[in-house]
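Asks: Residue numbers (numbering that gives the first Met the number 0): 0 to 285. Where a beta carbon is used, it is the ideal one built from N, C-alpha and C, also for glycine. Just so you know, these numbers come straight off a predicted model, no measurement behind them. Can you read through this structure? Questions will come right after.
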Amino acid sequence: MREAQLKILRAVASAALGRRLSSEEEGACAEALREVSSRYPEPTLPLVVDELLEPSGGAASAMHTTTSGLANLNREVAFALRRLVEGDLAGMFDGPTTLDIDLTAPVVSLNLRAVYESDALGILMICAAAWLRRAVDRDDGVKRILVVDEAWKVLTHLEVSRWLQENWKLTRSTAVQCIAVVHRLSDLEAAGGRDSEQVRLARGLLADSETKVIFRQDPAELALVRDLCQLNERETAIVASLPKGCALWKVGQRSFQVEHTLSAFERQVTYTDERMAVGPEREVVR
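Take a look at the structure:
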């Protein structure tokens, strides 16, 4: 558990800073987490931030420095992490883990729409995914599906992308199926600079996906779709002309054209054009 917590803490800190942590900063994060875990039943991000800003003598000794020296070293990381527990993000990840969520329900949804425009959305999504995966990561024989919508937001952060790739490779052992949703594959290419590690990781996640479900794509996207999804000419032509509600399922080396039919309830919960369909007098003009 501690190792998993440290990995996500380092990934989030790196993403919040917009750069890789130095070896000293990685060590400082480990000591801060160790100190907090030794004093509290459950470490929280605010407690870690407090420990980074005002480190204990034990942490300073472990880092072979003084408390003031360690505080100076920790300052940049601490203020980057504090951004995640204050302001518009307050209340999301600054307290103990929520225990009253019914994980036996057919569907559990973590709605981050309120912070969709935040530049920290990718970090928040991966924190949510990490918590949810830990919550369902139990050997009870139940098969579960973990869905990350707008996955390209996650992949814009290098350390978070590394965490995602590493953890998704382990999900088969716990009967958890992972689904990443992107609207355009060019979003994956935009995760970082050309030939950057972020883009390679994004491509790697796609390559590691045994099943790819591809709805109709813009003509400008077809060459990229063909390349990344390893489609042949016939499959590419199908993707270009798919009617609404139909998709090309690429399962290993086999492909199928599948029509997706929504039930009345599914149509209601997935209908996203309501604002576009409402006139000035708030009458639906469908």
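For residue 365, count neighbouring C-beta atoms within 10 Å of its own C-beta (all shown protein chains included) and say buried if the count is 16 or more, exposed if not.
Replies: What is shown of the chain runs 0 to 285, which leaves residue 365 out entirely.
Asks: Starting from the N-terminal side, write out each stretch of the alpha helix (DSSP H) that is 4 residues or longer and does not extend beyond the segment 145-188.
Replies: Qualifying alpha helix (DSSP H) stretches, in chain order: 150-154, 157-167, 185-188.
Asks: Opposite residue 248 in the DSSP bridges: which residues?
Replies: In the DSSP output, where bridge partners are listed per residue, residue 248 has 212, 255.
Asks: I want to know whether the segment 16-28 touches the segment 168-187 - three or more CB-CB distances under 8 Å.
Replies: Too few Cβ pairs lie closer than 8 Å, so no.
Asks: Hey, which unbroken runs of the alpha helix (DSSP H) at 4 residues or more fall wholly within the segment 51-76?
Replies: Taking only runs of at least 4 residues, the alpha helix (DSSP H) segments lying wholly in the segment 51-76 are 56-61.
Asks: Going by the beta-carbon positions, is the gap between residue 51 and residue 84 smaller than 8 Å?
Replies: Result no, Cβ atoms of residue 51 and residue 84 do not sit closer than 8 Å.
Asks: Would you grab the beta carbon distance between residue 127 and residue 109 for me? Rounded to a whole angstrom, and I think it's under 8 Å.
Replies: Contact holds; Cβ gap of about 5 Å.
Asks: According to the neighbour-count rule (16 or more other Cβ atoms, all chains shown, within 10 Å of its Cβ), is residue 250 buried or exposed?
Replies: Per the 10 Å Cβ criterion, exposed.
Asks: Got a sec, what are the start and stop residues for the alpha helix (DSSP H) residue 197 sits in?
Replies: Note, residue 197: alpha helix (DSSP H), 196-207.
Asks: For the segment 230-242 against the segment 203-210, do three or more pairs of beta-carbon atoms, one drawn from each stretch, fall closer than 8 Å, so that the two count as touching?
Replies: The segment 230-242, when compared against the segment 203-210, does not touch it at the 8 Å Cβ threshold.
Asks: Is the beta carbon of residue 10 less than 8 Å from the beta carbon of residue 199?
Replies: Their beta carbons are not under 8 Å apart, which means residue 10 does not touch residue 199 by this criterion.
Asks: Can you say whether residue 271 is buried or exposed, counting buried as having 16 or more other CB atoms within 10 angstroms of its CB?
Replies: Result: exposed.
Asks: Just list the alpha helix (DSSP H) runs in the segment 215-239, keeping only unbroken ones of 4 residues or longer that don't cross its boundaries, in chain order.
Replies: Listed in chain order, the complete alpha helix (DSSP H) runs (minimum 4 residues) inside the segment 215-239 are 221-228, 232-239.
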